[in-house]
Every structure is written in structure tokens, then in C-alpha cells.
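Trainee: Can you read through this structure? Questions will come right after.
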Amino acid sequence: MIDTSAKLFSMTHSVEISGRTLTKRYASWPRDEPAREWAALTVLSRAAPGLTPTPLELSTDPTPSLTMTVVPGEPLGGSLTSAQTTALGDALQSLWSVPVDGLAPIDLQALVDRTRSGLVALRDTDGVIAEAARTWLDNEPTDLTAVHDPVVAHGDPNLTNYLWDGARVRIVDFEDAGLGDRTVELANLVEHLSWRQTDPTSLVRRFSADPARFRAARCLWAGFWLTLIGPGGPSADRNPPGTAEAQAQRLLRLVAG
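Quick look at the structure:
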């Protein structure tokens, strides 16, 4: 099974459920993740009630924790049904329709810098992984840091963060959330490793992103994933043999257009 738990900065948090409330205790918070999650859930619970947990309390003593309501549903995964894909699209539509006032911006430049640095390290390895790294570096995606279509950026579109109750999808885990760009967020979702068994075509058509900008964003995220699961990456040993090579081939196809 492919491991899709890696985040922009890998971390592990503890979760305690008591009745209808859940308390998340943060193990690390280099980018002020507790405040990001609190801010996003506060905005979303007011503007789109029922889409996400409702935040109840943010504590910093002795370490940061956030208490919120529990939302129903089971994590999505594998190959989605048509109904699940449509419901996920509805959830994303709701998410991306909420005003972004008061949210800290996503630091996309940090992602670009980390991806470039990781691929520089991979270009001197062997085989298709090295080829993909060199190809990306020779054809670096165009600048995506300007926000063209501001949305609430979830930041972590792992399928397990979308809960399906048989009728609708709700969204959880907003520690990476902030103000982002819709096309970049759509590309983040499409290129997430958890999506390999599901065709995202209907979602791409639904949100009709600019083709050139969408392709550039997909190349960025595909390169990022190669740095995660390639040799020396934080998730290199968590996936079956051949996963990194398959990602390298995917990256080459994306860059080629």
C-alpha cells in the first residue's frame, strides 16, 4: 500500500476523542499550525456550517491543543465511486466559495524552494529518478506565487482527510490551511499520492482551471512528491518498491506536456 501521510513538513500529532468532541495535541508547530487550524475552522464553521469540525477551544498550555466537534463519516480512499467524487466536488465548491478574510497566506515559495533543493539532490542519483529531477530543473514551472483566484486552501488533500457518510463529504485536518490559489490547490489534490487509484478528470472539468497554470502547478506538486518518496526522502522507505520510479515517470510525462 502506498503511504500518503507525508506533509509539507512531516509531523505526528495525538488525537483524543471524548463523546462528540475531539482534542488534537500538536507535537510540533514550526509554522504556527495550531493558529492556522483554529483560524480556518473558525472561518469555515461560520460561513459553511457542517462542512468541517467546529472549533471549541485553543489552548497553549503546556503544549498547543485544539478541541473541536467530531464530524461524521469514514475516510475516503482507493478508487472513488461516482457519487463520492461528486460529493467531494460539492465539498470543495463549498470550501472554495468561503471568503478568505483573516487567513494567513500559504507560503508557496517555501514549497518551491524545498522542491528545487530536493531535486538538486536527486539529479545525481541513478536512472529515471535522476532523469526526472534534471528534467524538472531544466524546465522549472513558471512562477505560481501570485494568487489569481483566492480560496481557503486546505493544504493537505490526502483522501483520508475527506469523510464520507454515504451522502456527503466533510473535510478535516486544517493545520496547513491558509489563503491560497484555487488552481494550485486543485493541482495539489490531483497530484497527491492518495489519488493514484481514482480518475480526477470530472473534478478538473468542474473547476475549469487555466490549462497552462494548472499544468505548471501539477509539475510543481509532482516534483515535490518525488522529493518525498525518492531516495533519501522522508517517505522513501514507506512505500512499495517502484513507487518513486513510477512518480518519476509521471513527472516526466507532465513536464513533456
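The sequence shown maps to residues -9 to 247 in my numbering. Ideal placement from N, C-alpha and C gives every residue a C-beta, glycine not left out. Note that this is a predicted model, so its numbers are computed, not measured.
(1) CB-CB under 8 Å to V248, same chain, minus the five flanking residues each way: which ones, in chain order?
(2) Compare the beta carbon distance of S84 and A38 with 9 Å and say whether it is the shorter of the two.
(3) Throw me the rounded Cβ distance for the E165 and E27 pair, which I believe falls under 8 Å.
(4) For W215, name the three-state secondary structure that DSSP assigns.
(5) State the CB to CB distance for the pair L153 and V61, rounded to an integer number of angstroms; the pair is presumed to be in contact (CB under 8 Å).
(6) Determine contact between the region 145 to 163 and the region 55 to 74, defined as no fewer than three beta-carbon pairs at a distance below 8 Å.
(7) Does the structure place the region 212 to 224 close enough to the region 176 to 192 that three or more beta carbon pairs sit under 8 Å?
(8) Check whether the region 70 to 81 touches the region 187 to 198, counting contact only when three or more Cβ pairs, one atom from each stretch, lie closer than 8 Å.
(9) In whole angstroms, what is the alpha-carbon distance linking L98 and A29?
(10) Use the C-beta contact count for S72: other C-beta atoms within 10 angstroms, 16 or more gives buried, fewer gives exposed.
(11) Using a C-beta cutoff of 9 Å, does V118 count as contacting chain C?
(12) Please name the residue in L242, P230, C209 whose C-alpha comes closest to that of G117.
(13) Can you tell me which of the three DSSP states A37 falls into?
(14) Sort V110, A167, G232, W211 by Cα distance to V90 and report the nearest one.
(15) Would you tell me roughly how many angstroms separate the C-alpha atoms of A120 and T13, rounded to the nearest one?
(16) Just to confirm, does S84 get its C-beta within under 8 Å of one of the non-hydrogen atoms of the ligand PLP?
(17) Does the beta-carbon distance from G220 to Q237 come in below 9 Å?
(18) Under the three-state reduction of DSSP, which class applies to G168: helix, strand or coil?
(19) Taking only the alpha-carbon atoms, compute the straight-line gap between L149 and W185 and give it to the nearest angstrom.
(20) Find out if the Cβ-Cβ distance for the pair P249, L48 is shorter than 9 Å.
(21) Give a yes or no on whether the C-beta atoms belonging to L101 and L210 are separated by under 9 Å.
(22) Ends of the beta strand (DSSP E) at V110?
(23) Pull up the distance between the alpha-carbon of T173 and that of L34, whole angstroms please.
(24) Give the C-beta separation of L31 and P45 to the nearest angstrom, bearing in mind that I take them to be a contact with Cβ-Cβ under 8 Å.
(25) Looking at R15 and P43, is the spacing between their C-beta atoms short of 9 Å?
(26) Could you work out which residue in T75, D114, R228, V159 is closest to L41 when comparing CA atoms only?
Mentor: Reading from the atomic positions:
(1) Nothing can be reported for residue 248: it is not among the residues displayed for the chain, which extend from -9 to 247.
(2) Their beta carbons are under 9 Å apart, which means S84 touches A38 by this criterion.
(3) 5 Å between Cβ atoms; contact.
(4) It is helical.
(5) Yes, they are in contact, since the Cβ atoms of L153 and V61 sit about 6 Å apart, within 8 Å.
(6) Yes: the two stretches touch, three or more of their Cβ pairs being nearer than 8 Å.
(7) They touch, by the three-pair rule.
(8) Touching, yes.
(9) Approximately 19 Å between the Cα atoms of the pair.
(10) Exposed, because fewer than 16 other Cβ atoms sit within 10 Å of the Cβ of S72.
(11) Checking the listed chains, one finds no chain C in this structure; it contains a single protein chain.
(12) Comparing Cα-Cα distances from G117 to each of L242, P230, C209, the minimum goes to L242.
(13) Reduced to three states, the DSSP call for A37 is helix.
(14) Closest in C-alpha terms to V90, from the list V110, A167, G232, W211, comes A167.
(15) Looking at the two C-alpha atoms, the distance is approximately 43 Å.
(16) Absent from the structure shown: the ligand PLP. Ligands present: none.
(17) Yes, Cβ-Cβ distance for G220 and Q237 is below 9 Å.
(18) Three-state result, G168: strand.
(19) W185 has its alpha-carbon roughly 7 Å from the corresponding atom of L149.
(20) Outside the modelled stretch of the chain, which goes from -9 to 247, sits residue 249, for which no answer is possible.
(21) Contact flag set, yes.
(22) Segment 98 to 112 is the alpha helix (DSSP H) holding V110; no beta strand (DSSP E) there.
(23) Spanning the two alpha carbons is a distance of roughly 20 Å.
(24) Confirmed, about 4 Å.
(25) At the C-beta level, P43 and R15 stay beyond 9 Å of one another.
(26) Comparing Cα-Cα distances from L41 to each of T75, D114, R228, V159, the minimum goes to V159.
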